[in-house]
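Chemist:
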Amino acid sequence: MAEKDQQGYPLAPANGHARSDLESSTLQSKELRRKKKIKCLVYIAAFAVFQTIIILVFALTVMRIKTPDVKLGTLTIQNFNVGTAGSPSFSMRLIAEVTVKNKNFGHYKYEESTATFSYGGRTVGQTLIPNGRAKARKTRRMSIVVDVNSAGQLSGNSNLSNEISTGMLTLSSHTKLSGKVTLLKVMKKRKTAEMNCTMIFNVASQDADAGHHAKITATKCVAEDYEASVNQWNRNCNQ
Numbered sequence: 001m002a003e004k005d006q007q008g009y010p011l012a013p014a015n016g017h018a019r020s021d022l023e024s025s026t027l028q029s030k031e032l033r034r035k036k037k038i039k040c041l042v043y044i045a046a047f048a049v050f051q052t053i054i055i056l057v058f059a060l061t062v063m064r065i066k067t068p069d070v071k072l073g074t075l076t077i078q079n080f081n082v083g084t085a086g087s088p089s090f091s092m093r094l095i096a097e098v099t100v101k102n103k104n105f106g107h108y109k110y111e112e113s114t115a116t117f118s119y120g121g122r123t124v125g126q127t128l129i130p131n132g133r134a135k136a137r138k139t140r141r142m143s144i145v146v147d148v149n150s151a152g153q154l155s156g157n158s159n160l161s162n163e164i165s166t167g168m169l170t171l172s173s174h175t176k177l178s179g180k181v182t183l184l185k186v187m188k189k190r191k192t193a194e195m196n197c198t199m200i201f202n203v204a205s206q207d208a209d210a211g212h213h214a215k216i217t218a219t220k221c222v223a224e225d226y227e228a229s230v231n232q233w234n235r236n237c238n239q
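Position one of the sequence shown corresponds to residue 1 (full-length UniProt numbering), numbered consecutively onward.
1) Return the first residue and the last residue of the alpha helix (DSSP H) that residue 242 is part of.
2) Measuring CB to CB, does Ala96 end up less than 9 Å from Thr76?
3) Strictly by DSSP, which residues pair up with Glu97?
4) Straight-line CA distance for Val57 to His174?
5) Which residues in the same chain have their Cβ closer than 8 Å to the Cβ of residue 261, if we skip the five residues on either side of it in sequence?
6) Just curious, the alpha helix (DSSP H) that Thr61 is in, first and last residue?
7) Note down the Cα distance separating Phe117 from Ser172, rounded to an integer number of angstroms.
8) Below 6 Å CB to CB, which residues in the same chain sit around Val100 once its five sequence neighbours on both sides are set aside?
9) With DSSP collapsed to three states, give me the class of Phe90.
10) My guess is that Ser91 and Val148 are in contact by the Cβ rule of under 8 Å, so how many angstroms apart are they, rounded?
11) Identify whether Thr166 lies in helix, strand or coil by the three-state DSSP scheme.
12) For Ile144, tell me which candidate among Gln126, Leu184, Ser161 has the shortest Cα-Cα distance.
13) Please report how far the alpha carbon of Leu27 lies from the alpha carbon of Phe50, in whole angstroms.
14) For Ile164, count neighbouring C-beta atoms within 10 Å of its own C-beta (all shown protein chains included) and say buried if the count is 16 or more, exposed if not.
15) Got a sec? Which residues, its chain only, sit under 8 Å from Leu184 by beta carbon, not counting five neighbours each side?
16) Return the first residue and the last residue of the beta strand (DSSP E) that Ala115 is part of.
17) Looking at the strands, I want to know which residues DSSP matches up with Arg190.
18) Could you check whether Leu177 and Val82 sit closer than 9 Å to each other, using their CB atoms as the reference points?
19) Expressed to the nearest angstrom, what Euclidean distance is found between the alpha-carbon atoms of Ser25 and Ile38?
20) Which word fits Val181, buried or exposed, when buried means at least 16 other C-beta atoms lie within 10 angstroms of its C-beta?
21) Taking Cβ positions, are Tyr119 and Gln78 nearer each other than 9 Å?
22) Once DSSP output is grouped into helix, strand and coil, what is the label at Leu128?
23) Is Ala136 helix, strand or coil by DSSP?
24) Looking only at C-alpha atoms, which of Arg93, Val124, Ala136 sits nearest to Lys109?
25) Taking the beta strand (DSSP E) that Lys109 falls in, what are its first and last residues?
26) Quick one: does the C-beta of Glu194 sit closer than 8 Å to a heavy atom of the ligand FAD?
If you want it as structure tokens, here you go:
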């Protein structure tokens, strides 16, 4: 009877924790996969943010087309002659440096233009600025020569008489460059830079050995799409 009772009940497994170990291993595997998925999502999100930053920087720097700066640099005066308050007149040859500063990541190709010098709104000298190209992130320098003469333009001008009396002669110059900025050989945008300068000449000294000095003040540069103020500067130019 005892033998039958023993045969009716099977023996318990040798390792009672086998099932719990299997469940624990399954949970650990699921947790590991979950952590890997989270890590992948973090990497993808970080990569997307990085790409967005790169695109924004590229769009705000490289792809942003700016108007080039046109400035009048050093000025040399030759053959300077000035009349008297009773018979006001002046004539001179100006050799000026014009700079075209291209701040873009593409070249700026500008068309032929003119530089006009005037007194009291009347033209007293004009010279040609040939077409050219300013390389990307570079400054193009060129030299222009203009003969300035008041003959036949300012007869009877009382303001000129007053300026000669005080020894200060004021001239204005105007330069306008139009052209296109090309990026990546595909993207092109037209930009126009305009420069207006005021020059004050000291004409008090008539001694040829002493020479004459010019003080140049750049008032402003106006571009096609905005007006930017330019810092004022003074330069001395010897005969």
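All C-beta atoms in this analysis are idealised placements derived from N, C-alpha and C, irrespective of residue type, glycine included. In this text, all values refer to a predicted model and were calculated from it rather than measured experimentally.
Modeler: The answer reads as follows:
1) Given that the chain is displayed from residue 1 to residue 239, the structure contains no residue 242 and the question cannot be resolved.
2) As a working note, residue 96 is residue 96 in the sequence shown. As a working note, residue 76 is residue 76 in the sequence shown. Result yes, Cβ atoms of Ala96 and Thr76 sit closer than 9 Å.
3) Residue 97 sits at position 97 when you count from the first residue of the sequence shown. According to DSSP, Glu97 bridges with Ser143.
4) In the sequence shown, residue 57 corresponds to position 57, counting from 1. In the sequence shown, residue 174 corresponds to position 174, counting from 1. Distance from the CA atom of Val57 to the CA atom of His174, rounded to whole angstroms, is 36 Å.
5) As shown, the chain starts at 1 and ends at 239. That puts residue 261 outside it, with no answer to give.
6) Residue mapping note: residue 61 aligns to position 61 of the sequence shown, counting from 1. Careful: Thr61 lies outside any alpha helix (DSSP H) and carries neither H nor E.
7) Here residue 117 refers to the residue found at position 117 when the sequence shown is read from its first residue. Here residue 172 refers to the residue found at position 172 when the sequence shown is read from its first residue. A straight-line Cα-Cα distance of about 6 Å links Phe117 and Ser172.
8) Locating residue 100 in the sequence shown gives position 100, where the first residue counts as 1. Correct list, in chain order: Pro68, Val70, Ala134, Arg140.
9) Mapped onto the sequence shown, residue 90 falls at position 90. Residue state, collapsed to three classes: strand.
10) On the sequence shown, residue 91 is found 91 positions in, with the first residue counted as 1. On the sequence shown, residue 148 is found 148 positions in, with the first residue counted as 1. The beta-carbon separation of Ser91 and Val148, rounded to 7 Å, stays under the 8 Å limit for a contact.
11) For the purposes of this step, residue 166 is taken as the residue at position 166 of the sequence shown. DSSP places Thr166 in helix when its eight states are reduced to three.
12) Along the sequence shown, one-based indexing puts residue 144 at 144. Of the listed residues, the one whose Cα sits closest to Ile144 is Gln126.
13) For this step, residue 27 is matched to residue 27 along the sequence shown. For this step, residue 50 is matched to residue 50 along the sequence shown. The alpha-carbon atoms of Leu27 and Phe50 are separated by roughly 34 Å.
14) Residue numbering aside, residue 164 sits at position 164 when the sequence shown is read from its first letter. Buried, by the Cβ-count rule.
15) Translated into positions along the sequence shown, residue 184 becomes position 184. Excluding sequence neighbours, Leu184 sits near Gly106.
16) Locating residue 115 in the sequence shown gives position 115, counting from the first residue. Per DSSP, Ala115 belongs to the beta strand (DSSP E) from 113-119.
17) Your numbering for residue 190 matches position 190 in the sequence shown. Answer is Lys180, bridged to Arg190.
18) Within the sequence shown, residue 82 is the residue found at index 82, counting from 1. Within the sequence shown, residue 177 is the residue found at index 177, counting from 1. Result no, Cβ atoms of Val82 and Leu177 do not sit closer than 9 Å.
19) For the purposes of this step, residue 25 is taken as the residue at position 25 of the sequence shown. For the purposes of this step, residue 38 is taken as the residue at position 38 of the sequence shown. Their Cα atoms are separated by approximately 20 Å.
20) Reading the sequence shown from its first residue, position 181 is the one you call residue 181. Classification for Val181: buried.
21) Here residue 119 refers to the residue found at position 119 when the sequence shown is read from its first residue. Here residue 78 refers to the residue found at position 78 when the sequence shown is read from its first residue. Taking 9 Å as the Cβ cut-off, Tyr119 and Gln78 do not qualify as a contacting pair.
22) Stepping through the sequence shown from its first residue, residue 128 is reached at position 128. The three-state secondary structure of Leu128, taken from DSSP, is strand.
23) Looking up residue 136 in the sequence shown gives position 136. DSSP places Ala136 in coil when its eight states are reduced to three.
24) One-based indexing of the sequence shown puts residue 109 at position 109. Measuring from the Cα of Lys109, the nearest candidate turns out to be Ala136.
25) The sequence position of residue 109 within the sequence shown is 109, counting from 1. Note, Lys109: beta strand (DSSP E), 108-110.
26) Because no ligand of any kind appears in the structure shown, any question about the ligand FAD cannot be addressed here.
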